[in-house]
Amino acid sequence: AQSVTQLDSQVPVFEEAPVELRCNYSSSVSVYLFWYVQYPNQGLQLLLKYLSGSTLVKGINGFEAEFNKSQTSFHLRKPSVHISDTAEYFCAVDDYKLSFGAGTTVTVRA
Amino acid sequence: DAGITQSPRHKVTETGTPVTLRCHQTENHRYMYWYRQDPGHGLRLIHYSYGVKDTDKGEVSDGYSVSRSKTEDFLLTLESATSSQTSVYFCAISTDRTGGFINEQFFGPGTRLTVL
């Protein structure tokens, strides 16, 4: 079975500052990884996904993530955040069914 | 946006009563899923369906049952609701698993269930 650990439950950040959300997974087989975002009172929507190929994956809204097989990590980054990026972010790994991390709440302040 | 609706969007019920949540899609996707979301746990899979009348259990299936009699509808039933089932429930859909791996899942808006 696979599992996902999001290392930070809360990340406060100032507007226009960079942000990194950390995600580690456990696996002994090939993995497919995802980051989802949940805005307040909404469902989840896909930010980006890693299936194969380049380890640097670009997603929507200026987010990107880097797959690191040796460190079993898939950290999410954005160089400059906006107030509208305030949301909860979930890392997920495909083990035929998606397994989600516990989530990281990002609060962007002016 | 993917055409996924959930009903009801909010429900308050009492312990011991049966509850049915409905997920309806207009995308004709093969796979449908029910998750629950609780603080500190992320989303946990309850049940999923890979076709009409084809369902399987997820990691937290105890106390829940599902049915899928049409491609577009996936019902989640709490046979006898308990306070531990107070949660936000999300439905999701996805297409066939091309290439052997999962495709993107599209999520509904959620149903907030409170069991008193």
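Here the protein sequences line up with chains A and B, keeping their order.
Reading the first sequence from the start, the letters are residues 605 to 714 in our numbering.
Reading the second sequence from the start, the letters are residues -11 to 104 in our numbering.
Cβ atoms here follow ideal geometry from the backbone N, Cα and C, with glycine treated the same way.
Given the structure is predicted, the values throughout are model-derived calculations rather than measurements.
Taking 7 Å as the Cβ-Cβ cut-off, the region 615 to 640 of chain A approaches chain B at TYR636, given in chain order. With a cutoff of 9 Å on beta-carbon distance, B:CYS11 and B:PHE62 are scored as near each other.
With 16 or more other Cβ atoms from the protein chains shown falling within 10 Å of its own Cβ, A:LYS653 counts as buried. Put simply, of A:VAL615, A:TYR643, A:VAL617 and A:LEU648 the residue whose alpha carbon is nearest the alpha carbon of A:ALA696 is A:LEU648. Residues of the region 68 to 102 of chain B with a C-beta less than 7 Å from any C-beta of chain A: PHE78, PHE89, ILE90, GLU92, GLN93, PHE95, GLY96, PRO97 and GLY98, listed in chain order.
Rounded to whole angstroms, the separation of the alpha carbons of B:GLY28 and B:GLN(-6) is 24 Å. Between the region 64 to 73 of chain B and the region 618 to 636 of chain A, the count of Cβ pairs shorter than 8 Å is below three; the stretches do not touch. A:SER656 and B:LYS(-1) have their alpha carbons spaced roughly 42 Å apart. According to DSSP, B:SER55 shares a beta bridge with B:LEU63. One finds LYS701 in chain A with Cβ atoms closer than 9 Å to the Cβ of B:GLY46, taken in chain order.
Here DSSP, grouped into helix, strand and coil, assigns A:ASP689 to helix. Here B:LEU104 is exposed. Its C-beta has fewer than 16 other C-beta atoms within 10 Å. Beyond the five residues adjoining it in sequence on each side, B:THR43 comes within less than 8 Å, by CB distance, of HIS35, TYR36, SER37, VAL54, SER55 and ARG56 in the same chain, given in chain order. When rounded, the separation of the alpha-carbon atoms in B:ARG18 and B:VAL48 is 22 Å. Secondary-structure assignment with DSSP links A:ILE664 through no beta bridge to anything. When the Cα atoms are used, B:SER82 and A:SER607 turn out to be separated by approximately 21 Å.
Using a CB distance below 9 Å, the part of the region 18 to 33 of chain B facing chain A consists of TYR21, TYR23, GLN25, PRO27, GLY28, HIS29, GLY30, LEU31, ARG32 and LEU33, ordered along the chain. Under DSSP, B:ASP42 forms a beta bridge with B:GLY39. Beyond the five residues adjoining it in sequence on each side, A:GLU620 comes within less than 6 Å, by CB distance, of SER684 in the same chain, given in chain order.
A:ASN628: member of the beta strand (DSSP E) spanning 627 to 630, first to last residue.
One thing to note: A:LEU637 has its Cβ no nearer than 9 Å to the Cβ of B:LEU31.
Here A:GLU692 is buried. Its C-beta has 16 or more other C-beta atoms within 10 Å. The three-state secondary structure of A:SER607, taken from DSSP, is strand.
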